[in-house]
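This report refers to the structure that appears directly beneath it.
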Amino acid sequence: MKEKKKILNRQMFDDVMIPFYNPADFIPVLGQGSRLFDQLNKDYIDFSSGIAVTALGHCHAKLIKALKEQSNKLWHTSNLFVNEPSLNLARKLIDYSFESRVFFSNSGAEANESALKIARYYSNKKFNVYKNKIISFYNSFHGRTFFTVSVGGQYQYSDGFGTKPPDIIHVPYNNLQSVKSVIDDHTCAIIVEPIQGEGGVELATIDFMVGLRDLCNKHHVLLIIDEVQTGIGRTGKLFAYEHYGIKPDILTLAKALGGGFPIGATLASTKIAKIVQLGIHGTTYGGNPLACSVSNAVLDLINHPKLLLGVQRKFQIFKKELVKINKKLNLFSEIRGKGLLIGIVFRQEYIINIPIVIKTALKEGLIILKAGTNVIRLAPPLNIKNIDINEGLLRFYRTLRIVYGRSVKF
Ligand SMILES: *Cc1c(COP(=O)(O)O)cnc(C)c1O
23 MKEKKKILNR
33 QMFDDVMIPF
43 YNPADFIPVL
53 GQGSRLFDQL
63 NKDYIDFSSG
73 IAVTALGHCH
83 AKLIKALKEQ
93 SNKLWHTSNL
103 FVNEPSLNLA
113 RKLIDYSFES
123 RVFFSNSGAE
133 ANESALKIAR
143 YYSNKKFNVY
153 KNKIISFYNS
163 FHGRTFFTVS
173 VGGQYQYSDG
183 FGTKPPDIIH
193 VPYNNLQSVK
203 SVIDDHTCAI
213 IVEPIQGEGG
223 VELATIDFMV
233 GLRDLCNKHH
243 VLLIIDEVQT
253 GIGRTGKLFA
263 YEHYGIKPDI
273 LTLAKALGGG
283 FPIGATLAST
293 KIAKIVQLGI
303 HGTTYGGNPL
313 ACSVSNAVLD
323 LINHPKLLLG
333 VQRKFQIFKK
343 ELVKINKKLN
353 LFSEIRGKGL
363 LIGIVFRQEY
373 IINIPIVIKT
383 ALKEGLIILK
393 AGTNVIRLAP
403 PLNIKNIDIN
413 EGLLRFYRTL
423 RIVYGRSVKF
């Protein structure tokens, strides 16, 4: 029987998928470095890295090699066994961060879910069952499991699913006084992003992060730093907490850790890990050999002074060019960020067109992200070439002229 060739297009999404998303109207079929290509072979400069995931670009030769080699050896064994790539990866993560133990999972949400469970478990065991309270921040994002989305500070994501887990408090970000006013003996953990990624590329101040560390020490509260987006080189250091001269009690990673292969990791200080008991948490795929092999290659490439310095340099290129664009168009009120997590803040009167900017950019061959209500977020590959930065920014400029052309004075 002759098989009918199916036409795979964007239209089909609406017929076969649960409509949580509204993807772009083209389908990428190929990725090369900082570029994507669609079914018609049109190219797109990727300033999104699949939302800060493909930190070494698409289809990096060394990641392909790691994946291919491991795929010929062993794919999966479950947690009935440990495997060599996961031991190797855990050792590296600990050596590069702080005195800790590692739990591997498959996503950022899962990394945070386990962090929160570990924190509650530890505080219940070590102190008492009333030490449950979790302090989190408005506009924060920690994933979409019910616990993590309830801890996240954006109610539009957590409403509509019935009763939420209790003892979660939200206070304003970068406001130490508000934390002081709610922290007490019943507080078990504070969870914080060093930069609120989804929330609008909002940077934590040094005083805030150091202040949180001090408050946690004073009240026997665990500091969970969520580096799912900022970790693994994104800000020009391997971990963003290094910018603040502090250390977390629990650190969560995902996104760039796998360079595009799903993996999450939770690092808990040895003191905490020792209290955890056999069997209280788990996940079937955690520490999967394929994921860990790719991650080992990712870490070897990213944890390199030259690459990390390059990230800081490239921020300066972006900033300089964006300032130039703004001199001509006067659309932005601020350009902020660290390393290659960049927020372009639009002036109040231009915010309304941000969704159109993103759509038009796609037409012009550029992929950019929204963050918060008034920010366009750029998270290009950490190894993006200057030629691609320049071409991408040219396309961005062209996009802005198309969208705002008539309303902007030249
Ligand atoms: C993306 C993100 C998450 C959730 O990660 P998933 O892999 O989508 O579950 C959690 N925290 C932060 C800071 C993130 O940016």
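Under this note's numbering, the residues of the sequence shown are numbered 23 to 432, in order. Positions of the beta carbon are idealized from the N, C-alpha and C atoms, including for glycine. This one's a predicted model, so the numbers in the text were calculated from it and none came from an experiment.
Sequence-distant residues of its chain with Cβ nearer than 7 Å to Ser136 (five each side left out): Closer than 7 Å at the Cβ level, and outside the excluded window around Ser136, lie Phe125, Ser127, Thr288, His303.
Bounding residues of the alpha helix (DSSP H) (the contiguous stretch that carries Gln338): From DSSP, the alpha helix (DSSP H) with Gln338 extends over 327 to 351.
Alpha carbon of Leu273 to alpha carbon of Gly72, nearest angstrom: Their backbone Cα atoms lie some 22 Å apart in a straight line.
Proximity test, His164 beta-carbon vs ligand 1 heavy atom, cut-off 6 Å: Yes.
Three-state class that DSSP yields for Lys155 in the structure shown: Note: Lys155 maps to strand in three-state DSSP.
Status (buried if at least 16 other CB within 10 Å, exposed otherwise) for Gly332: Buried: at least 16 other Cβ atoms inside 10 Å.
Euclidean distance between Cα positions of Ser291 and Glu215: If you take the alpha carbons of Ser291 and Glu215, they lie about 18 Å apart.
Exposed unless 16 or more other CB atoms sit within 10 angstroms - verdict on Arg113: Under this definition Arg113 is an exposed residue.
Inter-residue spacing [alpha-carbon to alpha-carbon] between Ile40 and Ile228: Whole-angstrom Cα-Cα distance: 42 Å.
Close beta carbons around Gln54, own chain, < 8 Å, minus the five adjacent residues each side: Cβ neighbours of Gln54 beyond the five flanking positions: Gly79, His80, Cys81.
For Ile294 and Asp271, believed in contact at Cβ under 8 Å, the rounded distance: Yes, Asp271 and Ile294 are in contact; Cβ-Cβ is about 6 Å, under 8 Å.
N-terminal and C-terminal residue of the alpha helix (DSSP H) that Glu413 is part of: Element bounds for Glu413: 408 to 426.
For Ala77, three-class secondary structure by DSSP: Of the three classes helix, strand and coil, the one that applies to Ala77 here is coil, per DSSP.
Cβ neighbour criterion (16 or more within 10 Å) applied to Leu351: Only buried fits Leu351, as 16 or more other CB atoms lie within 10 angstroms of its CB.
Cutoff 6 Å; reference Phe48; Cβ partners in own chain excluding five residues on either side: Asp60.
Cβ-based neighbour list, Ser100, same chain, cut-off 8 Å, excluding 5 preceding and 5 following: Closer than 8 Å at the Cβ level, and outside the excluded window around Ser100, lie Thr306.
Ligand 1 heavy atom lying under 6 Å from the CB of Ala137: No; taking the cut-off as 6 Å, the Cβ of Ala137 has no heavy atom of ligand 1 nearer than that.
First and last residue of the uninterrupted beta strand (DSSP E) at Arg399: It spans 397 to 400 - the beta strand (DSSP E) in which Arg399 sits, taken as one unbroken run.
C-beta contact flag for Val250 and Ala276 at 7 Å: Yes, these two residues count as a Cβ contact at 7 Å.
Check whether Phe183 and Gly174 have beta carbons under 7 Å apart: The answer is no: Cβ separation not under 7 Å.
Ala226 beta carbon near ligand 1 (any heavy atom closer than 6 Å): Judged by the Cβ position, Ala226 fails to qualify as a neighbour of ligand 1 at the 6 Å threshold, every heavy atom of the ligand being at least this far.
Three-state secondary structure (DSSP) of Lys259: The three-state reading of DSSP puts Lys259 in coil, since its state is none of H, G, I, E or B.
Alpha-carbon to alpha-carbon, Lys87 and Lys407: Computed Cα separation, rounded: 22 Å.
Rounded separation between Gly255 and Leu330 - CA only: One C-alpha to the other measures close to 6 Å.
For Asn161 and Arg142, believed in contact at Cβ under 8 Å, the rounded distance: Actually they are not in contact, since the Cβ atoms of Arg142 and Asn161 sit about 23 Å apart, beyond 8 Å.
Tyr160 (DSSP reduced to helix, strand or coil): Looking at Tyr160 - three-state DSSP - the assignment turns out to be coil, as it is neither helix nor strand.
Val250 CB to nearest heavy atom of ligand 1 below 6 Å: Yes, the Cβ of Val250 comes within 6 Å of a heavy atom of ligand 1.
Residue environment, Met231, which counts as buried when at least 16 other CB atoms sit within 10 Å: Burial call: buried.
Three-way DSSP call (helix, strand, coil) for His242 in this model: His242: coil per DSSP, three-state reduction.
Span of the alpha helix (DSSP H) around Leu62: In the DSSP assignment, Leu62 falls outside any alpha helix (DSSP H) and carries neither an H nor an E.
Backbone CA spacing between Leu422 and Phe354 [nearest angstrom]: Annotation: Leu422 to Phe354 spans about 11 Å, alpha carbon to alpha carbon.
Run of the alpha helix (DSSP H) containing Ile86, from where it starts to where it stops: First-last of the alpha helix (DSSP H) with Ile86: 83 to 93.
Minimum length 4: unbroken alpha helix (DSSP H) runs contained in the segment 151 to 226: With a minimum length of 4 residues, the continuous alpha helix (DSSP H) runs that stay inside the segment 151 to 226 are 168 to 173, 177 to 180, 198 to 202.
Where Glu356 sits in the DSSP three-state scheme: Taken through DSSP and simplified to helix, strand or coil, Glu356 comes out as strand.
Of the residues Ser200, Asn146, Ala313, the one placed nearest Leu109, counting alpha carbons only: For the residues Ser200, Asn146, Ala313, the minimum Cα distance to Leu109 belongs to Ala313.
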